[in-house]
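Participant: Taking mature numbering (1 follows the signal peptide of the UniProt record, and there is no 0), I'd label the letters of the sequence shown as residues -20 to -1, 1 to 197.
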Amino acid sequence: MKLIILFLFFLSKPLIFVTTQDTDDYMNQLDPKLLGLRNEEKLSHFKLYWHDIVSGQNPTSIVVVPPPPSNMNITTAFGMVNIIDNPLTLGPDLSSKLVGRAQGLYASTSQSEVNLLMAMNFVIIDGKYNGSSITILGRNPTLNKVREMPVIGGSGHFRFARGYAELRTHYFSPKTMDAIVEYNIYVLHYSCSDSIHKRLLNFLLITLGLYILFLPF
Ligand SMILES: *[C@@H]1O[C@H](CO)[C@@H](O)[C@H](O)[C@H]1NC(C)=O
Ligand SMILES: *[C@@H]1O[C@H](CO)[C@@H](O)[C@H](O)[C@H]1NC(C)=O
């Protein structure tokens, strides 16, 4: 008998907590726990070195839009755009442990100083955070000693991430234009250790257990 009820329960109420039937109500309120979001946010700090390799046989940073010749200013390089797939390592040496890549672009956006608009995804390719990424979008006046750019979001372990990155130039060669920049990144994010599906299943099983427990027969 209980098996039949159990079966009916699954038939009648599959995922009722996730979707609603209202056709014109396309935005639904969800319990954050359903997405594996525990109540507390955690603050993570990590330090990475960003290698902008412009010179040599295998550049990871490529000028895709040169500054317009009619309006060329060598100092500001206003109008120049680079696309990057830069290595992120734990130490300042390129030979130290590779933990991620900075993929995105930067553009010279000031007519009066050296300043970049940067839009990058830092994708982690090692360890617990393998496959997760954070997105950085900000203003980088590269000659300043310390620069700050916002972390505006993330994926995987970094869903709902927000925070900031502090940049310090570790090395720059005016000859090759290669640079190594230290990134100290501070992000608030949730601990998403369990998958969504596992948490959803747990939730359903507990509900089902309570349901059966309080059946009037
Ligand atoms: C480039 O821009 C800077 C900052 O505005 C200015 O001081 C400099 O004279 C400009 N150089 C040229 C060649 O126009
Ligand atoms: C990271 O994840 C990718 C894709 O799932 C996998 O191929 C790779 O081996 C992983 N790397 C490490 C170091 O775990």
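Note that beta-carbon positions come from the ideal geometry of N, C-alpha and C, so glycine has one too.
Going along the chain, which residues of its own chain have a beta-carbon closer than 6 Å to the beta-carbon of Asp106, five neighbours each way excluded?
Facilitator: Taken in chain order, the residues that qualify are Val79.
Participant: With burial defined as no fewer than 16 other Cβ atoms inside 10 Å of the residue's Cβ, what is the status of Ile42: buried or exposed?
Facilitator: Label assigned to Ile42: exposed.
Participant: According to DSSP, is Lys13 part of a helix, a strand, or is it coil?
Facilitator: Lys13 falls in the helix class under three-state DSSP.
Participant: Since Asp32 is in the beta strand (DSSP E), which residue starts that stretch and which ends it?
Facilitator: Per DSSP, Asp32 belongs to the beta strand (DSSP E) from Glu21 to Asp32.
Participant: For Met157, report the span of its beta strand (DSSP E) as first-last.
Facilitator: It is not in any beta strand (DSSP E) - Met157 carries neither H nor E in the DSSP assignment.
Participant: Near Pro67, which residues of its chain fall below 7 Å by C-beta distance, leaving aside the five closest residues on each side in sequence?
Facilitator: Answer for Pro67: His31, Thr40, Leu74, Leu78 and Arg81, listed in chain order.
Participant: Sort out for me which residues DSSP pairs Arg127 with in a bridge.
Facilitator: DSSP output for Arg127 lists Leu147 as bridge partner(s).
Participant: Straight-line CA distance for Glu21 to Ile132?
Facilitator: Approximately 16 Å, taken between the alpha carbons.
Participant: Using CA atoms only, rank isn't needed, just tell me which of Leu185, His169 and Tyr191 is closest to residue 198.
Facilitator: Here the chain covers residues -20 to 197 and nothing more, so residue 198 does not appear.
Participant: Could you pull out every unbroken alpha helix (DSSP H) segment of at least 4 residues lying fully inside the segment 46 to 106, listed in chain order?
Facilitator: For the segment 46 to 106, not a single whole alpha helix (DSSP H) run of length 4 or above is found.
Participant: What number of angstroms, rounded off, separates the C-alpha of Tyr6 from the C-alpha of Gly136?
Facilitator: Cα to Cα, the separation comes out at about 24 Å.
Participant: Decide if the segment 113 to 131 is in contact with the segment 43 to 62; the criterion is three or more beta carbon pairs, one per stretch, under 8 Å apart.
Facilitator: No, the segment 113 to 131 is not in contact with the segment 43 to 62.
Participant: Assign Thr153 to one of two classes, buried (16 or more other C-beta atoms within 10 Å of its C-beta) or exposed (fewer than that).
Facilitator: Here residue 153 turns out to be Ser, not Thr, going by the sequence shown. Exposed: under 16 other Cβ atoms inside 10 Å.
Participant: First and last residue of the beta strand (DSSP E) that includes Leu117?
Facilitator: That run of the beta strand (DSSP E) goes Ser113 to Asn120.
Participant: Alpha carbons only, please: which of Val103, Tyr109 and Thr156 is nearest the one belonging to Gln37?
Facilitator: Residue Thr156 is the option with its Cα nearest to Gln37.
Participant: Roughly how many angstroms separate the alpha carbons of Ala145 and Arg119, rounded to a whole number?
Facilitator: Answer to the nearest angstrom: the Cα atoms are 11 Å apart.
Participant: Is Gly111 close to ligand 2? I mean its beta-carbon at under 7 Å from any heavy atom of the ligand.
Facilitator: Yes; taking the cut-off as 7 Å, the Cβ of Gly111 has a heavy atom of ligand 2 nearer than that.
Participant: Tell me which same chain residues have a C-beta within less than 6 Å of the C-beta of Gln83, skipping the five on either side of it?
Facilitator: So the list reads Asp65 and Asn101, once near-sequence residues are dropped.
Participant: Any residue with its Cβ nearer than 7 Å to a heavy atom of ligand 1 should be included. What is that list in chain order?
Facilitator: Matched residues: Asn53, Ile54, Thr55, Thr56, Gln91, Ser92 and Glu93.
Participant: Buried or exposed for Asp11, going by 16 or more other Cβ atoms inside 10 Å?
Facilitator: Exposed, because fewer than 16 other Cβ atoms sit within 10 Å of the Cβ of Asp11.
Participant: Does the Cβ-Cβ distance between Pro72 and Ile192 come in under 8 Å?
Facilitator: It is not a contact, given that the beta carbons lie outside the stated cut-off.
Participant: Can you give the Cα-Cα distance for Leu85 and Ser113, rounded to whole angstroms?
Facilitator: Approximately 16 Å, taken between the alpha carbons.
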